[in-house]
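Taking it in order: structure first as structure tokens, then the write-up.
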Amino acid sequence: MSINPKLITQANQRFQEKPLLKRDLSYYVEGIRAGNRYILSESITLIESTISEKRSLGLEIIDAFKEHKPETIRIGITGTPGVGKSTFIEALGRYYIGKGHRVAVLAVDPSSYINKGSILGDKNRMQILSSMPEAYIRPTASGATLGGTAIHTKETIKLCEAAGFDVVFIETVGVGQSEIEVGFMTDVNILLLQPGAGDEIQGIKRGIVENADIFVINKADGAMLPLAKQTKLFYRNAIQLFHHKVEGWKCPTLLVSSVDHTGMDEVFQAVNRYKALLQDLHYFDKQRLDQDIRWFHQKTKELIEKITLNQPQLKKAYGTLTDEIQNQSLSASGALAAIESIIKSLFR
Numbered sequence: 034m035s036i037n038p039k040l041i042t043q044a045n046q047r048f049q050e051k052p053l054l055k056r057d058l059s060y061y062v063e064g065i066r067a068g069n070r071y072i073l074s075e076s077i078t079l080i081e082s083t084i085s086e087k088r089s090l091g092l093e094i095i096d097a098f099k100e101h102k103p104e105t106i107r108i109g110i111t112g113t114p115g116v117g118k119s120t121f122i123e124a125l126g127r128y129y130i131g132k133g134h135r136v137a138v139l140a141v142d143p144s145s146y147i148n149k150g151s152i153l154g155d156k157n158r159m160q161i162l163s164s165m166p167e168a169y170i171r172p173t174a175s176g177a178t179l180g181g182t183a184i185h186t187k188e189t190i191k192l193c194e195a196a197g198f199d200v201v202f203i204e205t206v207g208v209g210q211s212e213i214e215v216g217f218m219t220d221v222n223i224l225l226l227q228p229g230a231g232d233e234i235q236g237i238k239r240g241i242v243e244n245a246d247i248f249v250i251n252k253a254d255g256a257m258l259p260l261a262k263q264t265k266l267f268y269r270n271a272i273q274l275f276h277h278k279v280e281g282w283k284c285p286t287l288l289v290s291s292v293d294h295t296g297m298d299e300v301f302q303a304v305n306r307y308k309a310l311l312q313d314l315h316y317f318d319k320q321r322l323d324q325d326i327r328w329f330h331q332k333t334k335e336l337i338e339k340i341t342l343n344q345p346q347l348k349k350a351y352g353t354l355t356d357e358i359q360n361q362s363l364s365a366s367g368a369l370a371a372i373e374s375i376i377k378s379l380f381r
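Residue 88 in this note's numbering is what sits at position 55 of the sequence shown, and the numbering runs on without skipping anything.
As structure tokens, this is what we get:
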């Protein structure tokens with residue numbers, strides 16, 4: 034059976050003529066205040082949009098909550114792939130909910146370097162938690178952002194808090210020692226390890242190890258329990274060589290089983306002790322403010338780069354100089370000097 038092409042064209046035209054439903058700012062603000070998870074998701078999508086009009090509306094939504102300062106805790110969860118971050122977060126999230134909290138999980142999935150795609154499978158690995166009305170799970174692709182987080186993670190945290198989620202977990206990509214960016218947007222960082230993760234030499238590596246506030250050995254159950262206890266001893270000895278940034282805090286090393294749901298109370302208590310210490314030292318609010326300033330500086334640099342590279346003169350020169358490097362008629366250093374000269378001329 035053949036279909037008349039004219040009918041398809043007419044149908045498409047009628048579809049395009051149908052006016053799009055437009056939401057005003059109050060729709061999003063009131064919805065978030067009411068704890069509507071669907072409106073929260075819409076708002077986060079606006080924040081992540083590359084369309085300037087939608088992105089601008091998303092920023093207006095965030096700005097509407099600039100005076101909103103809820104009592105929350107932001108917890109970073111990092112560790113290598115396969116350590117069981119999603120299973121651990123589901124178990125700990127359910128524990129927090131049992132204590133009367135509302136939990137948001139921002140799960141960052143790695144993006145393909147080739148096609149920029151991402152599986153976004155974390156929500157499927159937290160099926161019980163995602164079905165609970167006190168929980169909200171938002172998978173996000175990392176994109177080109179390094180450090181284990183996504184480009185709009187920090188903004189998403191604030192929207193989740195405005196929606197009434199007083200515990201926010203940020204699950205990082207899980208790429209290893211360089212994964213420290215999460216430490217600049219959270220209050221406490223948990224490094225998840227697995228039995229046999231390393232000896233004392235492995236334990237004193239820099240990077241995410243020295244950025245952690247709490248060490249948790251996951252999968253401490255069954256036949257793995259003796260090895261988990263040995264790993265705990267290794268790390269407890271290793272971290273004694275570090276001086277934590279917060280005076281008076283000694284990083285605990287805890288054993289948990291996300292499958293058997295053991296050790297969650299110890300993690301819960303450790304997080305509370307660390308938060309209390311930060312507050313006693315008047316460091317809790319200061320740390321968040323410092324993080325906001327750092328984020329502003331970082332995003333300003335990115336904005337300058339974006340605007341500058343879109344200048345016609347520089348854009349053309351950038352392509353020409355790249356071709357000259359490719360043709361080996363100009364060195365990379367020479368091309369960089371030429372770019373520097375052009376950029377300086379733009380600001381004269």
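Note that CB positions come from ideal geometry on N, CA and C, so glycine has one too. This one's a predicted model, so the numbers in the text were calculated from it and none came from an experiment.
Does the Cβ-Cβ distance between residue i and residue j come in under 8 angstroms?
| i | j | result |
| --- | --- | --- |
| R107 | I203 | yes |
| R135 | D220 | no |
| L266 | V116 | no |
| I130 | E167 | yes |
| I110 | I272 | no |
| P228 | A261 | yes |
| I326 | L347 | no |
| V279 | L322 | no |
| F427 | K191 | Not covered by the structure: residue 427. The range shown for the chain is 34 to 381. |
| T173 | M218 | no |
| S119 | R158 | yes |
| L354 | I337 | no |
| A196 | L73 | yes |
Would you say residue i reaches chain D, if we count a Cβ-Cβ gap shorter than 8 angstroms as a contact?
| i | result |
| --- | --- |
| I358 | In summary, chain D is missing from the structure at hand, where a single protein chain is found. |
Taking the DSSP output, what are the residues bridged to residue i?
| i | result |
| --- | --- |
| N222 | G109 |
| Y307 | According to DSSP, Y307 bridges with nothing at all. |
| P172 | A140 |
Which residue marks the beginning of the beta strand (DSSP E) containing residue i, and which one marks its end?
| i | result |
| --- | --- |
| F380 | Note, F380: premise wrong, no beta strand (DSSP E); not H, not E. |
| F202 | 200-204 |
For the alpha helix (DSSP H) containing residue i, name the first residue and the last one.
| i | result |
| --- | --- |
| F317 | 317-342 |
| F217 | That residue, F217, is in no alpha helix (DSSP H); it is neither H nor E in DSSP. |
| E194 | 186-195 |
| E409 | Absent from the model: residue 409. The displayed extent of the chain is 34 to 381, so no value can be given. |
| R443 | What the structure shows of the chain is the stretch from 34 to 381, and residue 443 is not part of that stretch, so it cannot be assessed. |
| S163 | 160-163 |
At least three beta-carbon pairs within less than 8 angstroms, the region 282-293 to the region 117-136
Because the criterion of three Cβ pairs below 8 angstroms is met, the region 282-293 and the region 117-136 touch.
Counting beta carbon pairs with one atom in the region 134-143 and one in the region 249-259, are three or more of them shorter than 8 angstroms?
Under the 8 angstroms Cβ criterion, the region 249-259 does not count as touching the region 134-143, having fewer than three qualifying pairs.
Starting from the N-terminal side, write out each stretch of the alpha helix (DSSP H) that is 4 residues or longer and does not extend beyond the region 56-110.
Runs found: 58-66, 70-81, 85-96.
Okay, do the region 54-66 and the region 80-96 touch, 3+ Cβ pairs below 8 angstroms being the bar?
Three or more beta-carbon pairs separated by less than 8 angstroms link the region 54-66 to the region 80-96, which places the two stretches in contact.
Taking the runs of the alpha helix (DSSP H) that are 4 residues or longer, which of them lie wholly in the region 224-302?
Correct list: 233-236, 241-244, 258-271.
Decide if the region 339-348 is in contact with the region 310-322; the criterion is three or more beta carbon pairs, one per stretch, under 8 angstroms apart.
In this structure the region 339-348 does not touch the region 310-322; the number of beta carbon pairs closer than 8 angstroms is below three.
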